[in-house]
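**Student:** First residue of the sequence shown: 1, per full-length UniProt numbering; consecutive thereafter.
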Amino acid sequence: MRPEAIIDPLFSIVTVVLNNKEGLIRTAQSIERQNSSLYEWVVIDGGSTDGTLEVLEAYSKITSVKVSEPDKGIYDAMNKGLNLCTGSFVVFLNADDQLVSDALQSIFEMVPDISDLDVAMLFCEVNLLLPDGKVRHRSVLDPERHLWHRMPTSHQAIFFERQTHLRFQYSARFPVSADYATVAEIYAASVKERAALSLPIVVSETPIGGNSFSSSNWRKLLTDHWRIQTEILQVGLSWRLLSIARKLAITGYLRALSYVR
């Protein structure tokens with residue numbers, strides 16, 4: 001449902017959640033600290049039974065759209081949210097991800113005439129929250145040099161031009177890396193000069209670790225990435241093999257830190 005909506009919001013924030021009320025509270029609190037005239041919040045719940053819906057009700061004043069129904073997985077839910085957005089740029093901030101204070105205002109002030117900006121994606125910086133309580137800052141990588149191997153930044157720090165994103169939605173063909181596939185598709189289809197703009201500003205904080213680094217997920221990730229590099233980015237065999245080797249090295253490092261079970 002959509003209550004009184006902000007007319008032509010600059011940003012649409014999409015949150016996908018399933019039985020994560022504590023994480024949703026942290027996400028909602030971070031959104032509540034933003035300039036309310038700049039955003040709409042679209043929440044797609046997969047049919048939670050743990051009190052998540054009660055949390056949404058408590059934050060109804062900042063929720064523009066709320067849908068609660070079963071879905072076919074996280075990327076299906078994200079596509080649902082995308083199709084309900086009305087903002088110029090869309091960012092995905094799932095339960096337990098957080099915007100830093102005044103993140104949206106900072107982007108608005110940093111980019112002149114952002115409403116008329118002819119760019120497919122805004123790449124921003126992110127803080128990764130590690131299981132041991134440490135924070136790792138991630139700057140934006142040059143997509144021309146790094147997209148063949150990985151995302152230039154975290155998905156939670158990418159603002160997609162909405163009309164472009166509607167053309168390139170998340171595909172079920174990539175079970176764990178449809179976000180990487182979408183970024184690759186948009187970048188490959190765009191004129192280089194308007195593919196992406198990198199902004200030297202931290203906009204979000206996202207926890208990493210736990211099940212995200214399970215061995216089974218890493219196997220799926222490697223398979224997805226191989227196909228993305230082959231089918232979308234058309235990366236040569238030697239570079240694809242190098243990419244796998246680098247990711248396996250990262251897996252070994254994470255195992256040493258007991259992040260992989």
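Note that CB positions come from ideal geometry on N, CA and C, so glycine has one too.
Can you round the beta-carbon distance between I31 and L99 to whole angstroms, since I take them to be within the 8 Å contact cut?
**Tutor:** Yes, they are in contact, since the Cβ atoms of I31 and L99 sit about 6 Å apart, within 8 Å.
**Student:** Expressed to the nearest angstrom, what Euclidean distance is found between the alpha-carbon atoms of T49 and V43?
**Tutor:** Near 16 Å, if we compare the C-alpha coordinates of V43 and T49.
**Student:** In this structure, what does DSSP give as the bridge partners for S12?
**Tutor:** DSSP lists E40 and V90 as partners of S12.
**Student:** Between G23, A189 and S68, which has its C-alpha nearest L53's C-alpha?
**Tutor:** The option with the nearest alpha carbon to L53 is S68.
**Student:** Check whether the Cβ atoms of A103 and V203 sit closer than 8 Å, and answer yes or no.
**Tutor:** Their beta carbons are under 8 Å apart, which means A103 touches V203 by this criterion.
**Student:** Which whole-angstrom value is the C-beta distance of Y187 and P143, which I expect to be below 8 Å?
**Tutor:** The pair is a contact, with the Cβ atoms about 6 Å apart (cut-off 8 Å).
**Student:** Secondary structure at T206, three-state DSSP: helix, strand or coil?
**Tutor:** Strand.
**Student:** Check the DSSP bridge columns for A196 and list the partner residues they point to.
**Tutor:** M121.
**Student:** For T230, count neighbouring Cβ atoms within 10 angstroms of its own Cβ and tell me buried if that reaches 16, exposed if not.
**Tutor:** Exposed, by the Cβ-count rule.
**Student:** Does P9 pass the burial test, meaning 16 or more other C-beta atoms within 10 Å, or should it be called exposed?
**Tutor:** The residue in question, P9, is buried, as its Cβ has 16 or more Cβ neighbours within 10 Å.
**Student:** For S64 and Y75, I'd like the C-alpha separation in whole angstroms.
**Tutor:** Their backbone Cα atoms lie some 20 Å apart in a straight line.
**Student:** Could you spell out the range, first to last residue, of the beta strand (DSSP E) harbouring F174?
**Tutor:** First-last for F174: undefined, no H or E at that position.
**Student:** Taking the straight line between their C-alpha atoms, what separation do you get for L237 and W148?
**Tutor:** In a straight line, the C-alpha of L237 is about 12 Å away from that of W148.
**Student:** Could you give the DSSP three-state label for S154: helix, strand or coil?
**Tutor:** Note: S154 maps to coil in three-state DSSP.
**Student:** List the DSSP bridge partners of S68.
**Tutor:** DSSP, once it has assigned bridges, lists D45 as partnering S68.
**Student:** Rounded to the nearest angstrom, what separates N211 and L24 at their Cα positions?
**Tutor:** In this prediction, N211 has a pLDDT of 49, which is less than 50 and means its spatial position is unreliable; nothing more can be read from the coordinates.
**Student:** So, helix, strand or coil for Q98, using DSSP?
**Tutor:** In this structure, Q98 counts as strand in the three-state DSSP scheme.
**Student:** Compare the C-alpha of S177 against each of F159, M78, F123 and H225 and name the closest.
**Tutor:** That would be H225, whose Cα lies nearest to the Cα of S177.
**Student:** Looking only at DSSP bridge pairs, what is R138 linked to?
**Tutor:** Note: R138 sits in a beta bridge opposite V126.
**Student:** Between V55, V140 and I158, which lies nearest to R26 when the distance is taken from Cα to Cα?
**Tutor:** Nearest C-alpha to R26: V55.
**Student:** By the three-class DSSP mapping on this structure, what secondary structure does V183 have?
**Tutor:** In this structure, V183 counts as helix in the three-state DSSP scheme.
**Student:** Quick check: the Cα distance between Y39 and S106, rounded to an integer number of angstroms?
**Tutor:** Their Cα atoms are separated by approximately 13 Å.
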